[in-house]
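Q: This structure is in structure tokens; I'll ask about it shortly.
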Amino acid sequence: MNRYRILIVEDDPKMNQGLLHILLKQGYTAESVDTGEKALAKIKATKYDLLITDLKLPGIDGMELLRAVKAYAPDILMLMITAYGTVDTAVAAMKQGAEDYILKPFDMEEFRLVVKKTLEKRALFLQNLQLQRQLKKKYAFDNIIGTSETMMTVFKTINNVKDSKTTVLIRGETGTGKELVARAIHFNSDKALKPYLPVNCAALNENLLASELFGHSKGAFTGAVSDKQGLFEAAHGGTIFLDEIGDIGKGLQQTFLRALESGEIQPVGSFKRKKVAVRIIAATHKNLETMVAEGTFRKDLYYRLNVVMIDLPPLRERKGDIALLAHHFLQQYAAQNKKPIERISKEVLTLLDAYEWPGNVRELENIIERATLFEQSGDITKASLPETLLHSSTRLECKIMGQDIKSLEQLSRNHIEKVLELTGNNKTQTARLLKIDRSTLWRIMNRLNIS
Ligand SMILES: Nc1ncnc2c1ncn2[C@@H]1O[C@H](COP(=O)(O)OP(=O)(O)OP(=O)(O)O)[C@@H](O)[C@H]1O
Ligand SMILES: [Mg+2]
0 MNRYRILIVE DDPKMNQGLL HILLKQGYTA ESVDTGEKAL AKIKATKYDL LITDLKLPGI
60 DGMELLRAVK AYAPDILMLM ITAYGTVDTA VAAMKQGAED YILKPFDMEE FRLVVKKTLE
120 KRALFLQNLQ LQRQLKKKYA FDNIIGTSET MMTVFKTINN VKDSKTTVLI RGETGTGKEL
180 VARAIHFNSD KALKPYLPVN CAALNENLLA SELFGHSKGA FTGAVSDKQG LFEAAHGGTI
240 FLDEIGDIGK GLQQTFLRAL ESGEIQPVGS FKRKKVAVRI IAATHKNLET MVAEGTFRKD
300 LYYRLNVVMI DLPPLRERKG DIALLAHHFL QQYAAQNKKP IERISKEVLT LLDAYEWPGN
360 VRELENIIER ATLFEQSGDI TKASLPETLL HSSTRLECKI MGQDIKSLEQ LSRNHIEKVL
420 ELTGNNKTQT ARLLKIDRST LWRIMNRLNI S
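Take the sequence shown: its letters are residues 0 to 450, numbered as in numbering that gives the first Met the number 0.
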């Protein structure tokens, strides 16, 4: 079944029936009339996707019909058939809003292809329109895009915890949006006007990190020329985002635990303890449970941090979000780079879907940003994708090949060679065992290069 409805306007009865026949054969829902007036009446009564009209008609001509239809139903696609193969007529038709034109005489295959191409463009247009509408709808948190069930759960959790003081642990592979979620929690909370201070625990050694977080007193170590306030104090009333929490050493884990449990910190080199009120959001791409089991991460700290856990799914596990995210980034980067690109070709969407996304949303963002810069046409096409993506389907095949799936040819070759070996290269006997005649065996052996 084909969901497209097509109307043909053609006064030559033979041509009229010929075109109708070929469209019906393709599975389209098609009807035909022989004048522009009848066509208009039909269009007013029924919704059509495509109007195919001859230019020369007995009453109003094709061009007038185009104009009238565009005014009445601007969404209908139109194709103009013209025997007057001048570029002028064709250009005029396109100016009136026709998608394309077909010059008489044409063969049926050509006709079929033009119709198919036009309707495909329509499908892409509708799909893009739908995605754009979806993007306009507010998702739970403005700039976090996602409609998959897992992301809906994430939005719900953010909503539930944002105003509390509860510690949140965010877990996910690289590029899945951990920092984005941390920011969303803070900036949508009642602490939004208080500081939000991110710190990357993997970037500093243990001593520096301790002094960065808890501050230090003058003379605590060489170079500590004055008292310094730590991030915990600076973030008072707000949020500290401890990124890569799985990377802190055991000593600091202990200090952290104490701070979390008592709500007090002790600057490096000081005996004074200070009360602090900050909400902690921690993130890691590591598997903390495994680290706990291996003894590299304190169990008690893990439980302290993991009051609420937000698990961000890798992109390959929510492929339904790919097209939406891609359009989101396209809008963003097209505007930023002043490129008039609005759509992503179907072919590219298929490739994006097939890819495994080891770098998750960040990788998708980078690919769309790059494509926006490289693309020369009005749609994102294959030409502006990087090599890695173009070969993703081959990668998929390799994965299946990893399961050792042999081609039929390979199997035939192996089998024939085995039987030949068993019969001591006796072809008559081999053919009989394989239940084929000698000449067939010869042909197959020739084709498969079996000597
Ligand atoms: N759901 C999403 N919607 C829109 N943009 C997203 C989404 N998830 C991630 N991004 C974007 O992808 C990029 C990477 O996200 P982010 O920095 O939050 O990832 P991360 O999990 O912290 O990665 P890493 O572990 O490498 O630090 C950012 O530019 C972010 O805006
Ligand atoms: Mg991050």
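Glycine residues also receive a C-beta, built at the ideal position from the N, C-alpha and C atoms.
Model, not experiment: these values are computed from the prediction.
Closer than 7 Å: is that where the CB of ILE367 sits relative to any heavy atom of ligand 1?
A: No, the Cβ of ILE367 stays beyond 7 Å of every heavy atom of ligand 1.
Q: Kindly indicate which residue of LEU18, GLY26, LYS24, ASP10 has the alpha-carbon position closest to the one of LYS37.
A: Cα-wise, what sits closest to LYS37 is ASP10.
Q: Under 6 Å, CB to any heavy atom of ligand 2. Which residues pass, going along the chain?
A: This selection yields LYS177, GLU178, ASP242.
Q: Is ILE321 near ligand 1, judged by its Cβ being under 7 Å from some heavy atom?
A: Checking every heavy atom of ligand 1 against the Cβ of ILE321, none is found closer than 7 Å.
Q: Three Cβ pairs or more, each shorter than 8 Å: is that satisfied between the stretch 312-326 and the stretch 269-279?
A: Short answer: they don't touch.
Q: Name, in chain order, the residues that DSSP records as bridge partners for ASN365.
A: Beta-bridge pairing links ASN365 to no other residue.
Q: I'd like to know if the stretch 176-188 and the stretch 225-234 are in contact, where contact means that at least 3 CB-CB pairs between them fall below 8 Å.
A: No, because fewer than three Cβ pairs between the stretch 176-188 and the stretch 225-234 fall closer than 8 Å, the two stretches do not touch.
Q: Which residue or residues does DSSP assign as beta-bridge partners of ILE343?
A: In the DSSP output, where bridge partners are listed per residue, ILE343 has ILE379.
Q: So is HIS185 buried or exposed if we call it buried at 16+ other beta carbons inside 10 Å?
A: Under this definition HIS185 is a buried residue.
Q: Using 8 Å as the threshold, is the C-beta distance between THR173 and ARG303 below it?
A: Contact: no.
Q: May I ask you to list the residues that DSSP assigns as paired with MET79?
A: Partner(s): THR52, TYR100.
Q: Return the first residue and the last residue of the alpha helix (DSSP H) that TYR195 is part of.
A: It is not in any alpha helix (DSSP H) - TYR195 instead sits in the beta strand (DSSP E) that spans 195-199.
Q: Tell me which same chain residues have a C-beta within less than 7 Å of the C-beta of VAL360, skipping the five on either side of it?
A: So the list reads GLY174, THR175, GLY176, LEU314, LEU324, once near-sequence residues are dropped.
Q: Just to confirm the assignment, what range does the beta strand (DSSP E) spanning ILE157 have?
A: Run containing ILE157: none in the beta strand (DSSP E); it sits in the alpha helix (DSSP H), 148-160.
Q: Less than 7 Å between the CB of LEU203 and some heavy atom of ligand 1, yes or no?
A: For ligand 1, not one heavy atom lies less than 7 Å from the Cβ of LEU203.
Q: Taking the alpha helix (DSSP H) that PHE240 falls in, what are its first and last residues?
A: From DSSP, PHE240 is part of no alpha helix (DSSP H) but of the beta strand (DSSP E) over 238-242.
Q: If you draw a straight line from the alpha carbon of GLU63 to that of LEU6, how long is it in whole angstroms?
A: Answer to the nearest angstrom: the Cα atoms are 16 Å apart.
Q: Pick out whichever of SER344, THR349, MET290 has its Cα sitting closest to the Cα of GLU374.
A: Cα-wise, what sits closest to GLU374 is SER344.
Q: What distance in whole Å lies between the Cβ atoms of VAL275 and GLY262, which are believed to be in contact at a cut-off of 8 Å?
A: Confirmed, Cβ separation roughly 6 Å.
Q: Could you tell me whether the stretch 110-120 touches the stretch 70-79, using the rule of 3 or more Cβ pairs below 8 Å?
A: These segments touch.
Q: Determine the direct distance from the alpha carbon of PRO266 to that of GLY218, and round the result to whole angstroms.
A: Those two C-alpha atoms are separated by around 12 Å.
Q: Note down, in chain order, each residue of its chain lying with its Cβ closer than 7 Å to the Cβ of TYR47, except the 5 sequence neighbours on either side.
A: Once the five neighbours on either side are set aside, the close Cβ partners of TYR47 are ARG4, ILE5, LEU6, ILE75.
Q: Residues in the same chain with beta-carbon distance under 6 Å from GLY96, minus the five sequence neighbours each way, listed in chain order, please.
A: Cβ within range, chain order: LYS69.
Q: Please report how far the alpha carbon of THR419 lies from the alpha carbon of HIS390, in whole angstroms.
A: According to the sequence provided, residue 419 is Leu. The question's Thr does not apply to it. Whole-angstrom Cα-Cα distance: 39 Å.
Q: Using three-state DSSP, classify ARG111 as helix, strand or coil.
A: Three-state DSSP puts ARG111 in a helix.
Q: State yes or no: is the C-beta of PRO197 within less than 8 Å of the C-beta of PHE231?
A: Not in contact: PRO197 and PHE231 (Cβ atoms no closer than 8 Å).
Q: By the 10 Å Cβ neighbour count, where 16 or more other Cβ atoms means buried, how is THR52 classified, buried or exposed?
A: THR52 should be labelled buried.
Q: Suppose the cutoff is 8 Å on Cβ atoms and the five residues either side in sequence are ignored; what does the same chain contact list for ARG66 look like?
A: Result list for ARG66: GLN95, in chain order.
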